[in-house]
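First up is the structure itself, then whatever we jot down about it.
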Amino acid sequence: MVIVKRKILSLWERLYLPEVLRGLSITFRKMFEPRVTRQYPEEGLPTDGVTRGQPRLVVKDDGNIACVSCGLCEAACPAYAITIDGQETDRFIEREPERFDIDMLRCILCGFCEEACPKDAIYMSNELELADYTREALAYDMEKLKRPASAMRERMDYVKKINDRW
Amino acid sequence: MSDAQAQLLVMFIKAAAIYGGLLGCAALMTLAERKFSAWMQYRIGPNRVGPWGLLQPLADGVKFIFKEEVTPDGASPWIFRLAPLMAAVPAMLTVAVVPIGGEFQLFGVTTQLSITNLDIGALYVLAIGGLGVYGVILGGWASNSKYSLLGGLRASAQMISYELALILGILSIVAISGSLDLLQIVEGQKGTFLGFLPDWNLFKQPLAFVLFVVATFAETNRHPFDFAECEPELVGGFHTEYSSMKFALFFLGEYCAMIVMACLTVTLFLGGHAVPYWADAPWWIEAGAFSAKAGFFLFLFIWVRWTLPRFRFDQLMHLGWKVFLPLSLFNLFVTGAVISL
Ligand code: SF4
Ligand code: SF4
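Chains A and B supply the protein sequences, listed in that same order. Per the working numbering, the very first residue in the first sequence carries number 1; after that it's consecutive. Per the working numbering, the very first residue in the second sequence carries number 1001; after that it's consecutive.
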């Protein structure tokens, strides 16, 4: 059992009004201190490498994505958000996805796809906003998922750094 | 234009201006409440609707009008509808006797910047203002809900307890100025006191002033005495079951009551529209001085609300009956003794 000892108040404190005035002076001073509100739609949210936004496919400098359509991310995805169909390609990697869909309404932003990928093809971007008028518009296909490597650089470096620790 | 016509016209203009001002102020108070609370909490407050969020009250009003009106099962239909009006109207009526500014000329009629001037103004304010509690009690009772009923009962107990302190505060002012006429009370506060202070009742009756101001907080159900609403334990108190414009009317009533109480405090204790050290100021400067003084008290209402934690109901009753009543009686007794000496 917890016994709460009441503070013995002095007469000055029991008069109440002086303490009220003290409280009022504090709130009055606070009115002129800087605001902490972020004006959200105009002022973006702060992001950095740790931010785990929506998964995106990284477009390398040669214009291709690194994905070999191995299906590991599809298998790792706990929300069954990813659908991949593979096809052959003349490029050295021999296989590439014909179709790579992520249903963003299913995705729970867990980052398992990023961890599963053996080819460093998919990364969690810093894109956090997701809104549209139809469900169909939010099932992203490959073209909608592609992002240039420059836009993903921060996250890629961050993942590389934490992976190096093991 | 005959004299009678001119007087009628002036009457209408004054009534329209003062009521327009009152309702406009009440609307602005809802915005000010949110703005000041935001600033005290390092936030910005409403700033999307119009410049500095100035159109926010309008947007709120439109929203209220389009909300669904819900009447609970078993609610007493007529009283349920009547109660919001009974809460809002008395508060608006009391403003009629408050002298806002001095005499001025309009269409050749010399008139006073107040809707009317009763020779029992102080009594009128108390009598009509006291009716406001009916809206709260009836609203709580007619809703057929335990929370509303409890909120209404608390509000009635609280208002009756603190009305005593309020009345005794007014009485001591009436005693020193020798009149129930609010204009006379203001006239009596022109000039200087002890040579340098403005001759305000505040300096002659400091104890009555403190008691009166605290009692106005309880009278208008404002923090730290907001037991009629008490969101934590009574889900909103007497207006739990109200929605849409009926709910808005309760709030309009509350804000009008605040404005009236601020005006009354200024009239009784801060010299009303009297400008210190400037006895014959033009009426518009007097009205400005009055607004500035009343504005301070309105700010005080908001300021206190966002500073202090709430009382407990038993503490409120304790304070009302065991502290305020004896102190007010003591103050009245001393005032009477000093006057008769
Ligand atoms: S982040 Fe998680 S849920 Fe989203 S696609 Fe990747 S594995 Fe699936
Ligand atoms: S795990 Fe990587 S390489 Fe395999 S299918 Fe997914 S994105 Fe492509």
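Backbone N, C-alpha and C define an ideal beta-carbon position, used for all residues, glycine too.
Hey, is leucine 9/A's beta-carbon within less than 8 Å of any beta-carbon in chain B? For the purposes of this step, residue 9/A is taken as residue 9 along the first sequence, with counting starting at 1. Leucine 9/A does not count as touching chain B.
Please classify alanine 1281/B: does DSSP put it in a helix, a strand, or coil? Taking the first residue of the second sequence as 1, we reach residue 1281/B at position 281. Looking at alanine 1281/B - three-state DSSP - the assignment turns out to be coil, as it is neither helix nor strand.
Pick out whichever of Gly1108/B, Leu1106/B, Val1125/B, Pro1099/B has its Cα sitting closest to the Cα of threonine 1116/B. Position 116 of the second sequence holds residue 1116/B. Residue Pro1099/B holds the alpha-carbon nearest to the alpha-carbon of threonine 1116/B among Gly1108/B, Leu1106/B, Val1125/B, Pro1099/B.
Out of Thr51/A, Ile108/A, Ile65/A, point me to the one whose CA is closest to cysteine 77/A's CA. Locating residue 77/A in the first sequence gives position 77, where the first residue counts as 1. The shortest Cα separation from cysteine 77/A among Thr51/A, Ile108/A, Ile65/A belongs to Ile108/A.
Find the nearest neighbour of phenylalanine 197/A within the set Gln87/A, Leu105/A, Ala81/A, judged by alpha-carbon distance. The first residue shown for chain A is 1 and the last is 166, placing residue 197/A beyond what the model contains.
Evaluate contact between the region 1068-1075 of chain B and the region 61-75 of chain A, counting only Cβ atoms and requiring at least three cross-stretch pairs below 8 Å. The region 1068-1075 of chain B, when compared against the region 61-75 of chain A, does not touch it at the 8 Å Cβ threshold.
DSSP three-state call for proline 55/A: helix, strand or coil? The residue you call residue 55/A lines up with position 55 of the first sequence. Proline 55/A falls in the strand class under three-state DSSP.
Considering just the uninterrupted stretch of the beta strand (DSSP E) at arginine 147/A, what are its terminal residues? Residue 147/A sits at position 147 when you count from the first residue of the first sequence. That run of the beta strand (DSSP E) goes 146-148.
Within the chosen definition, does the region 1195-1211 of chain B reach the region 1260-1269 of chain B through at least 3 CB pairs nearer than 8 Å? Yes: the two stretches touch, three or more of their Cβ pairs being nearer than 8 Å.
Provide the residue span of the alpha helix (DSSP H) that contains aspartate 101/A, from first to last. In the first sequence, residue 101/A corresponds to position 101, counting from 1. Aspartate 101/A -> not in any alpha helix (DSSP H); beta strand (DSSP E) instead, spanning 95-103.
Distance, phenylalanine 1296/B Cα to glutamate 1033/B Cα: To locate residue 1033/B, count along the second sequence from 1; it is residue 33. To locate residue 1296/B, count along the second sequence from 1; it is residue 296. Their backbone Cα atoms lie some 13 Å apart in a straight line.
Indicate, with yes or no, if ligand 1 has a heavy atom lying under 7 Å from the CB of proline 118/A. Within the first sequence, the letter at position 118 stands for residue 118/A. In this structure, proline 118/A has its CB at a distance of at least 7 Å from all heavy atoms of ligand 1.
Below 8 Å on the Cβ atoms is my guess for glycine 1169/B versus phenylalanine 1217/B; work out the distance and round it to an integer in Å. By one-based count along the second sequence, residue 1169/B stands at place 169. By one-based count along the second sequence, residue 1217/B stands at place 217. Not a contact, Cβ separation roughly 13 Å.
Residue burial classification, glutamate 94/A (beta-carbon count within 10 angstroms, cutoff 16): Position 94 of the first sequence, counted from the start, is the residue given in the question as residue 94/A. It is exposed - the Cβ of glutamate 94/A has fewer than 16 other Cβ atoms within 10 Å.
Give the residues of chain A in contact with tryptophan 1306/B, contact being defined as C-beta atoms less than 8 Å apart. On the second sequence, residue 1306/B is found 306 positions in, with the first residue counted as 1. Per Cβ cutoff of 8 Å: Thr27.
Provide the residue span of the beta strand (DSSP E) that contains aspartate 1060/B, from first to last. Residue mapping note: residue 1060/B aligns to position 60 of the second sequence, counting from 1. It is not in any beta strand (DSSP E) - aspartate 1060/B instead sits in the alpha helix (DSSP H) that spans 1056-1066.
Looking at the secondary structure, which residues open and close the beta strand (DSSP E) in which phenylalanine 1250/B lies? Residue mapping note: residue 1250/B aligns to position 250 of the second sequence, counting from 1. Premise fails: phenylalanine 1250/B lies in the alpha helix (DSSP H), 1244-1269, not in any beta strand (DSSP E).
Residues in the region 1137-1169 of chain B having any Cβ partner in chain A nearer than 9 Å: Listed by position, the residues of the region 1137-1169 of chain B near chain A (Cβ gap below 9 Å) amount to none.
Using DSSP with H/G/I as helix, E/B as strand and the rest coil, what is proline 78/A? The sequence position of residue 78/A within the first sequence is 78, counting from 1. In the structure shown, proline 78/A falls within a coil segment according to DSSP collapsed to helix, strand and coil.
Ignore the nearest five residues each way along the sequence and tell me which others in threonine 51/A's own chain have a CB closer than 8 Å to its CB. In the first sequence, residue 51/A corresponds to position 51, counting from 1. The beta carbon of threonine 51/A sits closer than 8 Å to the beta carbons of Met124, Asn126, Leu128, Arg155 from its chain, once the five residues preceding and following it are set aside; these are given in chain order.
Rounded to whole angstroms, what's the CA-CA distance from phenylalanine 1299/B to leucine 1031/B? Just pull it up for me. For this step, residue 1299/B is matched to residue 299 along the second sequence. For this step, residue 1031/B is matched to residue 31 along the second sequence. Approximately 12 Å between the Cα atoms of the pair.
Backbone CA spacing between glycine 1236/B and glycine 1140/B [nearest angstrom]: For the purposes of this step, residue 1236/B is taken as residue 236 along the second sequence, with counting starting at 1. For the purposes of this step, residue 1140/B is taken as residue 140 along the second sequence, with counting starting at 1. If I take the Cα positions, the gap works out to 11 Å.
Cross-chain neighbours of isoleucine 943/B in chain A, by beta carbon under 7 Å: Since the first residue shown for chain B is 1001 and the last is 1341, residue 943/B is missing from the structure and cannot be characterised.
Interface partners of leucine 24/A on chain B, CB under 8 Å: The count along the first sequence starts at 1 and reaches residue 24/A at position 24. The answer, in chain order, is Trp1303, Val1304, Thr1307.
Verify the CB distance criterion: does methionine 1029/B have a CB-CB separation below 8 Å to chain A? Mapped onto the second sequence, residue 1029/B falls at position 29. The C-beta of methionine 1029/B comes no closer than 8 Å to any C-beta of chain A.
Tell me aspartate 85/A's beta-bridge partners as DSSP assigns them. Along the first sequence, one-based indexing puts residue 85/A at 85. The partner list for aspartate 85/A (beta bridge, DSSP) reads Arg99/A.
Say the cut is 7 Å; is the CB of glycine 111/A nearer than that to a heavy atom of ligand 2? Within the first sequence, residue 111/A is the residue found at index 111, counting from 1. Incorrect: glycine 111/A has no Cβ contact closer than 7 Å to ligand 2.
Report the option in Leu1008/B, Thr1094/B, Lys1293/B, Val1214/B whose CA atom is closest to the CA atom of glutamate 1163/B. Taking the first residue of the second sequence as position 1, residue 1163/B is located at position 163. It is Val1214/B.
Report, in whole angstroms, the separation of the C-beta atoms of valine 1210/B and leucine 17/A, which I expect to be a contact under 8 Å. Here the question's residue 1210/B lines up with position 210 in the second sequence. Here the question's residue 17/A lines up with position 17 in the first sequence. Right, the Cβ-Cβ distance comes to about 7 Å (below 8 Å), so this counts as a contact.
Using beta carbons (cut-off 8 Å, strictly below), is leucine 45/A in contact with chain B? Working through the first sequence from its first residue, we reach residue 45/A at position 45. By this cut-off, leucine 45/A is not an interface position.
Output the distance between the C-alpha atoms of tyrosine 1277/B and leucine 1055/B, rounded to the nearest integer angstrom. Indexing the second sequence from 1 puts residue 1277/B at position 277. Indexing the second sequence from 1 puts residue 1055/B at position 55. Answer to the nearest angstrom: the Cα atoms are 38 Å apart.
Measure the CB-CB distance between serine 1076/B and alanine 1142/B and report whether it falls below 8 Å. Locating residue 1076/B in the second sequence gives position 76, counting from the first residue. Locating residue 1142/B in the second sequence gives position 142, counting from the first residue. Yes, these two residues count as a Cβ contact at 8 Å.
With 8 Å as the threshold, decide whether the Cβ of glutamate 42/A is near any Cβ in chain B. The residue labelled residue 42/A in the question sits at position 42 within the first sequence. No - not a single Cβ of chain B is within 8 Å of the one on glutamate 42/A.
Quick one: grab the DSSP three-state call for phenylalanine 1203/B. For this step, residue 1203/B is matched to residue 203 along the second sequence. Reduced to three states, the DSSP call for phenylalanine 1203/B is helix.
Grouping DSSP H, G and I as helix and E and B as strand, with all else coil, what is threonine 27/A? Taking the first residue of the first sequence as position 1, residue 27/A is located at position 27. It is helical.
Could you tell me the distance, in whole angstroms, from the CA atom of leucine 1197/B to the CA atom of glutamine 1189/B? To locate residue 1197/B, count along the second sequence from 1; it is residue 197. To locate residue 1189/B, count along the second sequence from 1; it is residue 189. One C-alpha to the other measures close to 11 Å.
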